[in-house]
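The block underneath contains the structure these notes are about, expressed in structure tokens.
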Amino acid sequence: MTTTLFKQAEEKNRTALLKQQIINLCIQGGGTSISELSKALMVSVPTVTKFLGELIDEGFVYDFGKQENAGGRQPNIYGLNPHAGYFIGVELRKKTVQMAAINFKAQVVANREEPYLVSEDSMESIDRLCGVIRSFIARQKLPAEKILAIGVSISGRVNPESGYSYSYFFVEEQPLVQLLEERLGHRVYIENDTRAATYGEYMSGVGNNEKTMLYINASWGLGLGMILDGKLFYGKSGFSGEYGHFPMFDNEVICRCGKRGCLETGVSGSAVHRIFLERLAQGRISMLSDKFRSGAALSLDDILDAVLKEDVLAIEIMESVGHKLGKALAGLINMFNPELIVLGGTLATTRDYLMLPVKSAINKYSLRMVSKDTQIKFSRLGENAGVVGACLLARGKSLHLL
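Numbering (the numbering used here), first residue to last: 2 to 403.
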């Protein structure tokens, strides 16, 4: 029942398209009346009444009755049935996979992280991933017919239109979307991790109807997601946002892309990790010195935890990285004049140790006339931005909201 409507809408069935428009207006307004729908869709009241009745029978829409109001006669208000269907989000991380489910009203109903490591680009890796996703769905006891779509967030180069992931799961030159759909039996959409997090923050996080928003994913690497004129920006081939590979430094550090001087070599979690180990090797003192001298591995999390525990060396490095990030953001501000910049990713967990040098550098290097109306905020969704964004992208693309 539920998936049939969306399949018919994709086939440009006029009735299905009109029903989908009614659903979309219910999403945008939260609740609406027949007369409001009639005006918005430019169709007659009897037509709207007919299709609303069908949507109620099909379980998509509720009739909430008349609003309580001191005024005259009030119309019935219609809104979404949260149990009409569910959207699954999947985010591939370094050593785990994060999964979440949202209902038809975009409320998160489940969230779980499982161990998972992409060992190689092989069918076996894809089969293991699909097994983890199927187990998550089964654990939530969600009926298969009510799973409307699955969104998968992957780091690296992803083309959502063609369905290819070029950084992971590039197997037998088949689109990853096709391989996943064949195994999962549901519609699948893939997205770059930073763009997914951007959309998550824009729709359910710190975003507040801004038309221009930039999201900085400062984790092991450095990514950029852009909302321009209220829409996710993809670029010609779907690869926009490779901000970490902007040529910025005159250094001899080779980036993971193979080039030298990329912004990511000085502004990223990997840069913090590398510089911290270099300083310890040079004899600098830290609360992590003993662990370093013992030969035990130091992780990025260890260093960020040291920042929060007021380790002087860790704070010094974070301030330096924050200053470089702020200088780079000043260029973006001068270029895009954004309403909002959101700082997300692992490095954002250090809060003011990152924010203060970022703002200082922005004040120093940006044009005041351009930057004065730009807000800089931390991500509200935090580590869940990507997986929530994957859920919302699956919902948005299924309902043609994007």
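Idealized CB from N, CA, C, for every residue including glycine. Note that the structure is a prediction, hence the values are computed from the model and not measured.
The Cβ neighbour count for residue 188, taken over all protein chains shown within 10 Å, is at least 16; the residue is labelled buried.
The beta carbons of residue 341 and residue 211 sit closer together than 9 Å. Going by DSSP, residue 290 is part of the alpha helix (DSSP H) stretching over 290–294. Annotated three-state conformation of residue 21 is helix, per DSSP. Take residue 55, set aside five residues on each side of it, and the residues of its chain with a beta-carbon closer than 8 Å to its own are 20, in chain order. Relative to residue 65, the option among 389, 59, 58, 79 whose CA is nearest is 79.
Taking each of 219, 377, 232, 245 in turn and checking the Cα distance to residue 158, the smallest one comes out for 245. By the Cβ rule, the stretch 331–345 counts as touching the stretch 369–389, because three or more pairs are nearer than 8 Å.
The C-beta of residue 146 has fewer than 16 other C-beta atoms within 10 Å across all chains shown, which makes the residue exposed. Within the DSSP bridge table, the entry for residue 113 names 100 as partners.
DSSP, reduced to helix, strand and coil, places residue 220 outside both helices and strands of the structure shown, so it counts as coil.
Residue 197 has its alpha-carbon roughly 13 Å from the corresponding atom of residue 99. Between residue 307 and residue 326, the beta carbon gap of about 19 Å keeps them out of contact (Cβ cut-off 8 Å).
Excluding five sequence positions before and after residue 387, the CB atoms of its chain that fall closer than 6 Å to its own CB belong to 92, 154, 194, 197, 198, given in chain order. A straight-line Cα-Cα distance of about 36 Å links residue 360 and residue 106. Contact between residue 320 and residue 358 is confirmed by a C-beta separation of about 5 Å, below the 8 Å threshold. By DSSP's assignment, residue 342 forms a beta bridge with 215, 377. For residue 275, the closest of 299, 333, 110 by C-alpha to C-alpha distance is 299. No alpha helix (DSSP H) of 4 residues or more sits fully in the stretch 210–280. Of the other Cβ atoms in all chains shown, 16 or more fall within 10 Å of the Cβ of residue 385; this residue is therefore buried. Secondary structure at residue 39: helix, using DSSP grouped into helix, strand and coil. Here the alpha carbons of residue 203 and residue 151 stand approximately 19 Å from one another.
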